[in-house]
């Protein structure tokens, strides 16, 4: 299961977010929660929760209905103010 | 008594003007009706013209629903079955995305962050409308000035609805007036008295507007009052002359992939063509032959319309080059091909060559450019970058003559302000204020139009221009074509200053190094193209066909990848992935075209080769840069087969010492980190170490938001530790080479260093394997030879430039990181020290010595930039004499153009006629009638070639300029000779 989730984040979602100058990193999976880090443009997006909702819906379609996605932002130092 | 600063909190008159302007905007439309239903089909563009769809079929979308997806596109459809046109009717869509609109199967226009309306006048006779819209979610770059649109940005955007709206033209016109005057009121570039006058007059005019009860008649009265009291007032007089050229900067790839640029380009062109329908005075300049070529395939009907506007002189191709390439890193032949393929396309499709080089955004310009431009039919060079982006010195001219490395001159225009403006009066006044060549009595150039991702002029910009022409306070403005501006302002009788040197940009110094893979591949492919064309031309001597079409197509694809946000590394991850895919495939195909993997070793250069080289072979005992093989002393004549001399069977040619080794050329002592504490030259009897030598240095590299672009000088204040995992130690040797290895570690990276000495060659090679996982770090290697000199010679690919090592002036201080091609050299009168690299382009000039920049780890625009494995090499060459006497350029060519396996006729002796010039290219001419020989003088000498027959001389566009059997050449000159095919076979066959 975790391998499938990790592959989905890295191989399906990641190229999409990279296409907008963003980046998503898989951090882990625990108790139905998928932890990811958002970097690049995603780390300063004012509406990233909309995007994460969409990503979560896609994740559920692909890997299981009960999954939740939890994202933390890690902006580069020059935006981390 | 304490002083209390009086601060006005009550509303100022200009604020009240702003409030009433906002009120008027709310009454811009008399009538609004939502189009319903609207259908959407979400998708993602995965390659040129290829979508993957998220919806099986279009589905209805309601206002307020989210649309678009990360990196997504969306197709919208709507039907308006009972359509009845009335004056001012438009289709209205407010979006942060970029949308191409077709109505009833015809390209109708575009929506984007700065365009919300499509004029429906062309559909006045239609009874029903069928609307198709192709949208792309990307709203970068940040030129969306409408705050309502900005609020819609993001991968997931709220669908605000598609509407039919009828505009109140009176209100619209008054709004344009207010846009104009509020900008002037807020600008200190205009006289304070005039701004006070405007505040009074505009405020009084707007008193006609009843904020409780809007009526168009009131707006009309306000406009009439402005007309009488402001436009017709000639009391306040402006000064200066400003030419306005409309364009749109279009990055072929940046925060978007090349496949998206096809849409951006179509949207841009479409928007400009629709403006031309309505504004007969409108002229628009569009650059890059590539954008025309792709448009021709993507939307032939739009291309035909564009061609008609070109014929009218309203749509103007600018920029002789195929794309707007980086102009630091590509070599001379690449820049020549940019011109050749760009100009050939223009001539073929439009019937003329473009006489200007339009590079508003490139990150500095090599000194070799003027010669290449002039010989490619280009008289004028245009680039904004040095005036607006230099971080230390104000570039002293806007209009000047640029003298190149060989002495060739072109007219140069560096406009004083940014290349993206929205034609606001304040921007035009600032342009004139900043213009430094007022006393030449010429016009200054202000470009207008949104850009980076295309877009161009808007209705507002043109309406402002009409109004500004009538305002006496403005500088005298003229809307012109680029050709008109350049021809009228750059003439022999205008006293222009001369800039004799490169056009160094005091910014974006990191782009010589960022994304090292691209740089190394660029060098490799430039050599592979040369070899593939040469081999193909030699095979013609045996009657084999020259694969002209395929080589040209591959070259063009390569040239696109030299675009100024691709090769410099300033792009997002998918752009890098595209480039890796393209360049890898191009390399494979070039090797296939050369064929003969089992053929004999052949020297593709017209230089002798007699040093030690790495010969790839599966059973070799050495591994270098991931390839198995062996080092062998070679003996090859120019363009000839030769031999790699057999092993001499013993490895007793060196002596290991404590912490070092003695070779036939050097007595060496290592530091633990692999650098040299001593490098004593046994032949020249001198010590080369004058400080840290071949020492790896790691720095904290934090240039801010221009992460991938910039290196700042303060990196030197923040060195980072490199720990020694394994001290430099003897590893292995054979009869020709010996190798020491050292292993170092950074915080998250491992570095393996191999240092090789040779039995028969003075060169010392260092090879790196780096598993690189740093964040915001810069890896350099420092050379501090014991050489007393105040200059470093740097290869430009077509001659060398002398760069000062001194820090006496701010100009010298600002050049702490520079572009350098294959080699740099530090020399005294009778000896020197050169470093020859295999794909690095950045050198640092610290207080002492010179560094070669190896790797960076930047995060914007690509958080994963440069992370992973890297392999690269360079050679140190201590030498007698100066760089030219030591043949450093020849050694560097040899190092970068490996021996190839070939099955071509051995005609080396016949090509000896071109010595001592570098045979930079041999190719079939574009028209297929001749063989072209491109020659370059690289050592700064003059002389005469004695040719075996009468050759034709041509320019770089392969146009004949004369005939000669004896060709004089001057320092750093590029010559092009041509032979008819029959003559080619007779002389060389």
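Protein chains in written order, with the numbering used here: chain A, 191 to 271; chain B, 146 to 1134.
We put the beta carbon where it would ideally sit given N, CA and C, even for glycine.
All values reported here derive from a predicted model rather than from experimental measurement.
Checklist line | residue 928 of chain B versus residue 837 of chain B: straight-line alpha-carbon distance, rounded | finding: 6 Å
Check: Since residue 1140 of chain B meets chain A, which of its residues come closer than 7 Å, beta carbon to beta carbon?
Finding: Since the first residue of chain B shown is 146 and the last is 1134, residue 1140 of chain B is not available in this structure.
Notebook entry, point to check: At what residues does the alpha helix (DSSP H) containing residue 365 of chain B begin and finish?
Noted result: 361–371
Next item on the list: Please confirm if residue 223 of chain A has its CB atom under 8 Å from at least one CB of chain B.
Entry: no
Next item on the list: Going by DSSP, name the residue or residues bridged to residue 1147 of chain B.
Entry: There is no way to answer for residue 1147 of chain B, as the model of chain B reaches only from 146 to 1134.
Margin query: What would DSSP say about residue 885 of chain B, mapped onto helix, strand or coil?
Written below: strand
Margin query: Is there a C-beta anywhere in chain A that falls below 8 Å from the one on residue 717 of chain B?
Written below: yes
Next item on the list: Output the residue ranges of the beta strand (DSSP E) runs that lie fully inside the segment 950–1008 of chain B and measure 3 residues or longer, sorted by chain position.
Entry: 962–964, 968–972, 976–982, 987–989, 995–1001
Next item on the list: Locate the alpha helix (DSSP H) running through residue 414 of chain B, then write down its first and last residues.
Entry: 403–423
Checklist line | Identity of the residues DSSP links to residue 510 of chain B by a beta bridge | finding: B:472, B:648
Item checked: Under the three-state DSSP convention, the category residue 567 of chain B falls into -> Coil at residue 567 of chain B, not helix or strand.
Notebook entry, point to check: Quick one: is residue 240 of chain B near chain A, going by C-beta distance under 8 Å?
Noted result: no
Note to self: Please classify residue 148 of chain B as buried or exposed, where buried requires at least 16 other C-beta atoms within 10 Å of its C-beta.
What the structure shows: Flag for residue 148 of chain B reads exposed.
Notebook entry, point to check: Quick one: is residue 707 of chain B buried, meaning 16 or more other Cβ sit within 10 Å of its Cβ, or exposed?
Noted result: buried
Item checked: Cα-Cα separation, residue 309 of chain B to residue 232 of chain B -> Distance between the alpha carbons of residue 309 of chain B and residue 232 of chain B: 12 Å.
Next item on the list: Let me know the secondary structure DSSP gives residue 1041 of chain B once reduced to three states.
Entry: helix
Check: Would you report the Cα separation of residue 865 of chain B and residue 509 of chain B, rounded to the nearest angstrom?
Finding: 30 Å
Notebook entry, point to check: How would you call residue 667 of chain B, buried or exposed, if buried means at least 16 neighbouring beta carbons within 10 angstroms?
Noted result: buried
Next item on the list: With 7 Å as the limit, tell me which residues of the segment 293–319 of chain B have their beta carbon closer than that to any beta carbon of chain A; keep them in chain order.
Entry: 299, 300, 301
Check: What is the rounded straight-line gap between the Cα of residue 458 of chain B and the Cα of residue 1004 of chain B?
Finding: 44 Å
Check: Does the Cβ of residue 1123 of chain B have 16 or more other Cβ atoms within 10 Å, making it buried, or fewer, making it exposed?
Finding: Buried: at least 16 other Cβ atoms inside 10 Å.
Checklist line | Simplified DSSP assignment, three categories, for residue 575 of chain B | finding: helix
Item checked: With 16 other Cβ atoms within 10 Å as the buried cut-off, status of residue 497 of chain B -> exposed
Check: Does the separation of the CB atoms of residue 384 of chain B and residue 302 of chain B fall below 8 Å?
Finding: Remark: C-beta atoms of residue 384 of chain B and residue 302 of chain B do not approach each other more closely than 8 Å.
Next item on the list: Taking 8 Å as the cut-off, decide whether the C-beta atoms of residue 313 of chain B and residue 428 of chain B are in contact.
Entry: no
Notebook entry, point to check: residue 784 of chain B bridges to which residues according to DSSP?
Noted result: DSSP lists no partner for residue 784 of chain B.
Margin query: Can you tell me whether residue 918 of chain B is helix, strand or coil according to DSSP?
Written below: Residue 918 of chain B: coil per DSSP, three-state reduction.
Notebook entry, point to check: Does residue 1109 of chain B get closer than 8 Å to chain A when you measure Cβ to Cβ?
Noted result: No, its Cβ sits nowhere closer than 8 Å to a Cβ of chain A.
Note to self: I'd like to know if the segment 680–691 of chain B and the segment 404–414 of chain B are in contact, where contact means that at least 3 CB-CB pairs between them fall below 8 Å.
What the structure shows: no
Margin query: Rounded to the nearest angstrom, what separates residue 816 of chain B and residue 657 of chain B at their Cα positions?
Written below: 29 Å
Notebook entry, point to check: Would you call the segment 592–608 of chain B and the segment 538–556 of chain B touching, i.e. three or more CB-CB distances under 8 Å?
Noted result: no
Notebook entry, point to check: Is the segment 783–795 of chain B touching the segment 807–816 of chain B, taking contact as three or more C-beta pairs under 8 Å?
Noted result: no
Checklist line | the segment 640–656 of chain B / the segment 953–969 of chain B touching (three or more Cβ pairs under 8 Å) | finding: Result yes; three or more Cβ-Cβ pairs closer than 8 Å.
Next item on the list: Give the residues of chain C in contact with residue 237 of chain A, contact being defined as C-beta atoms less than 7 Å apart.
Entry: In the structure shown, chain C cannot be found, because the protein chains are A and B.
Note to self: Against chain B, with Cβ distances strictly below 8 Å, would residue 262 of chain A count as a contact?
What the structure shows: Answer no: the Cβ-Cβ gap between residue 262 of chain A and chain B never drops below 8 Å.
Item checked: Chain-ordered chain A contacts of residue 437 of chain B [CB-CB under 7 Å] -> What residue 437 of chain B touches in chain A: nothing, since even the nearest Cβ is about 26 Å away.
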